[in-house]
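Just so you know, we're using this note's numbering here: the sequence shown kicks off at 37 and counts up by one.
Glycine residues also receive a C-beta, built at the ideal position from the N, C-alpha and C atoms.
Since the structure is predicted, the reported quantities are computational estimates derived from the model, not experimental observations.
Read the structure below first, then the notes.
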Amino acid sequence: MACLEIAKRVIEEPLKENVEINKIKIEVAKKYKVPPPKNSDILKVAGYKEPLMTMLRVKKVRSISGVVPLTVMVKPYQCPHGRCIYCPGGPDVGTPPAYTGFEPAGRRAREWNYDPYMQVKSRVEQLKEIGHKVDKVEVIILGGNFTYLPLDYQTWFVKRCLDALNGSEAKDLEEAKLLAEKAPIRVSGLSAETRPDLFKQEHANTMLEMGFTKVELGVQTVFDDVYYVVKRGHTVNDVVEAFRIAKDCGFEVITHLMLGLPGSDPKRDLEMFKIVFNDPRFKPDCIKIYPTLVLRGTKLYEMWLRGDYKPYSSEETAELITEVKKIVPRWVRIQRVQRDIPSQLIVDGVKRGDLRNMALKKLEAQGLKCNCVRCREVGHVKLKRGVEPILDHVKLNVEKYEASGGVEVFLSYEDMVSDVLIGLLRLRIPSSMAFRREVIERPSAIVRVLHVYGNVVPVGEKTDSEWQHRGFGSMLLQEAERIARDEYDAKKLLVLSALGVKEYYAKHGYKKNGVYMAKTIK
Numbered sequence: 037m038a039c040l041e042i043a044k045r046v047i048e049e050p051l052k053e054n055v056e057i058n059k060i061k062i063e064v065a066k067k068y069k070v071p072p073p074k075n076s077d078i079l080k081v082a083g084y085k086e087p088l089m090t091m092l093r094v095k096k097v098r099s100i101s102g103v104v105p106l107t108v109m110v111k112p113y114q115c116p117h118g119r120c121i122y123c124p125g126g127p128d129v130g131t132p133p134a135y136t137g138f139e140p141a142g143r144r145a146r147e148w149n150y151d152p153y154m155q156v157k158s159r160v161e162q163l164k165e166i167g168h169k170v171d172k173v174e175v176i177i178l179g180g181n182f183t184y185l186p187l188d189y190q191t192w193f194v195k196r197c198l199d200a201l202n203g204s205e206a207k208d209l210e211e212a213k214l215l216a217e218k219a220p221i222r223v224s225g226l227s228a229e230t231r232p233d234l235f236k237q238e239h240a241n242t243m244l245e246m247g248f249t250k251v252e253l254g255v256q257t258v259f260d261d262v263y264y265v266v267k268r269g270h271t272v273n274d275v276v277e278a279f280r281i282a283k284d285c286g287f288e289v290i291t292h293l294m295l296g297l298p299g300s301d302p303k304r305d306l307e308m309f310k311i312v313f314n315d316p317r318f319k320p321d322c323i324k325i326y327p328t329l330v331l332r333g334t335k336l337y338e339m340w341l342r343g344d345y346k347p348y349s350s351e352e353t354a355e356l357i358t359e360v361k362k363i364v365p366r367w368v369r370i371q372r373v374q375r376d377i378p379s380q381l382i383v384d385g386v387k388r389g390d391l392r393n394m395a396l397k398k399l400e401a402q403g404l405k406c407n408c409v410r411c412r413e414v415g416h417v418k419l420k421r422g423v424e425p426i427l428d429h430v431k432l433n434v435e436k437y438e439a440s441g442g443v444e445v446f447l448s449y450e451d452m453v454s455d456v457l458i459g460l461l462r463l464r465i466p467s468s469m470a471f472r473r474e475v476i477e478r479p480s481a482i483v484r485v486l487h488v489y490g491n492v493v494p495v496g497e498k499t500d501s502e503w504q505h506r507g508f509g510s511m512l513l514q515e516a517e518r519i520a521r522d523e524y525d526a527k528k529l530l531v532l533s534a535l536g537v538k539e540y541y542a543k544h545g546y547k548k549n550g551v552y553m554a555k556t557i558k
């Protein structure tokens, strides 16, 4: 009875803040002499329906970028080169490389003995219980170096993730991919992380065939002397090659960068970001920033005990991230600024969990703001600043830059007055070293990313209160076709489409062409 009464009052009374919802929960619980129920308990009893789901949604940030992230983790295994001095993971400690096993994704993986099917299925159920619409998901495969694992394991792992989302067991990966194109839960992105030296042409081809659309490259630094000190086992040249291969295939490139590695310092770290953002050999789409942490069981811990290493403090790290946010290009998304490692496991280094907010407050105190994609996304701006774009102010923006031997065209629809990003498209004019048959058989351009932001709107539905399914994706695609044809003389436009989005491109005249969706534009 308490849950039903709370649900009724939440729907009927004009509420703006979570504190008002909590007040209702306390009042009703007191009336029935029961503990205040969780939002997930209220939804279970009252039903998963609108507007209740939106009002009781826990951790709204999970689905305000237009897609719900689902992280899964591969089994523990040994890296081919050995172990980096800062790495806490590996089969000897029962976790995949780079992970402690106590991160949220790590705990879920261990709970299900690293079974991909159960990791995905249980996570979908959890997200539904706390009020999220799980109609469009991005599957993120964590665990060090996915491309190094045996091919049959890679194939099985991806298939079982898809089986969980499709709601049925396919006979093989190819069938699972076909089912995913029309499944109730659509895969809007599939990514895996790996080392740059384990992302050569053969690795890229394999990932394309399995349905991947993104690759997370563990770059960490752009200085070879630092690679040597931390026993990374590859060079900057491997990074440069991996970037070019990824972009020429159409992948979205997410780069991991570490702060405070041995051999570096704040000044050099800032120089690293300037190089990454401005040097045409790099220029990633997204970055994840990870402060170096001292963790027991690592070679770095031994250095720390000897007094040979001292990590940055939380304040030093926040200052550095503030400087990075001042120079980040508008076409880069800062996805993360720290790991999800529990503070009790950190011997020394950043123990605060609010680095991003610390940096943003420092920026605000200086009268500045971050220009990265994430900080300008309509969902984040609405949640944090309460600002809603005005349709008359939304205009098309086009920015071009050279990267990895080719040209990148960054198209976006933005409220130019409030500086709010509605959607973006990344168009690639490939380098002369592009190798995929689909890309080189005729002069082609590639849509690597097309994304409209805001709360998830299910496939086939429209709403005036959200920004998805209002024509911005179609307009971005049409402009990409025009630019590719008229400015770069492309005869064909390819899209590296996620499995669950192929139907969308088919409605726009695209047909399957190998691993891509393609349209003749001239």
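Taking the alpha-carbon of residue i as reference, which of the options has the nearest alpha-carbon?
| i | options | result |
| --- | --- | --- |
| T358 | T328, K346, L404 | L404 |
| Y552 | A354, K172, F287, R342 | F287 |
| Y348 | P316, R388, K335 | R388 |
| Q374 | I363, K397, K362, S350 | S350 |
| T242 | T271, A554, L185, E161 | L185 |
| T291 | L214, F309, L297 | F309 |
| R316 | L163, I176, S467 | According to the sequence shown, residue 316 is Pro rather than Arg. Selected option, being the one with the closest Cα: S467. |
| D128 | T334, M452, L356, P378 | T334 |
| I311 | E352, V364, K195, Q402 | V364 |
| L396 | V360, E165, V423, Y189 | V360 |
| Y189 | E245, D171, E252, K111 | K111 |
| G442 | V475, R412, T136 | V475 |
| N273 | L295, L329, F235, M246 | F235 |
| Y23 | P124, K527, T191 | Shown here, the chain extends from 37 to 558; a query on residue 23 therefore has no answer. |
| Y264 | L432, H117, L427 | H117 |
How would you write the range of the beta strand (DSSP E) that residue i sits in, first residue to last?
| i | result |
| --- | --- |
| Q371 | 369-372 |
| R222 | 222-230 |
| N407 | Counting along the chain, N407 falls outside any beta strand (DSSP E), and DSSP gives it neither H nor E. |
| M511 | Per DSSP, M511 belongs to no beta strand (DSSP E); it is in the alpha helix (DSSP H), 508-524. |
| Y552 | 552-556 |
| F446 | 442-451 |
Is the beta carbon of residue i sitting closer than 8 Å to the one on residue j?
| i | j | result |
| --- | --- | --- |
| A228 | F182 | yes |
| V430 | R369 | no |
| L532 | R484 | yes |
| P566 | V255 | In the structure as shown, the chain begins at 37 and stops at 558. Residue 566 is therefore absent and cannot be evaluated. |
| K157 | A200 | yes |
| V108 | A145 | yes |
| L106 | R143 | no |
| W367 | F446 | yes |
| G509 | E217 | no |
| R342 | V383 | no |
| C322 | Q371 | yes |
| Y449 | L513 | no |
| P327 | T353 | yes |
| L399 | L356 | no |
| L460 | A516 | no |
| R268 | S440 | no |
| L253 | T230 | yes |
Spatial neighbours of residue i within its chain, please: CB distance less than 6 Å, with the 5 preceding and 5 following residues excluded, ordered by chain position.
| i | result |
| --- | --- |
| Y437 | E444 |
| I325 | L293, V373 |
| E174 | V103, P105, S224, G225 |
| V275 | P232, V255 |
| S300 | V262 |
Count the other CB atoms within 10 Å of the CB of residue i; is the residue buried (16 or more) or exposed (fewer)?
| i | result |
| --- | --- |
| Q114 | exposed |
| T556 | exposed |
| D260 | exposed |
| P220 | exposed |
| K283 | buried |
| R421 | exposed |
| G126 | buried |
| P140 | exposed |
| G179 | buried |
| Q155 | buried |
| L187 | exposed |
| M246 | buried |
In chain order, what residues of the same chain have a beta carbon less than 7 Å from the beta carbon of residue i, not counting five sequence neighbours either side?
| i | result |
| --- | --- |
| V414 | P425, V456, L457, I458, Y489, G490, W503 |
| D525 | P479 |
| V266 | C120, I121, Y122, L297, P298 |
Quick one: what's got a C-beta closer than 8 Å to residue i's C-beta in the same chain, skipping five residues either side?
| i | result |
| --- | --- |
| R473 | G550 |
| L215 | L198, N202, S204, A206 |
| M469 | R280, D284, G441 |
For the alpha helix (DSSP H) containing residue i, list its first residue and its last residue.
| i | result |
| --- | --- |
| Q190 | 187-202 |
| P302 | 302-314 |
| M339 | 335-342 |
| T242 | 237-246 |
| L356 | 350-363 |
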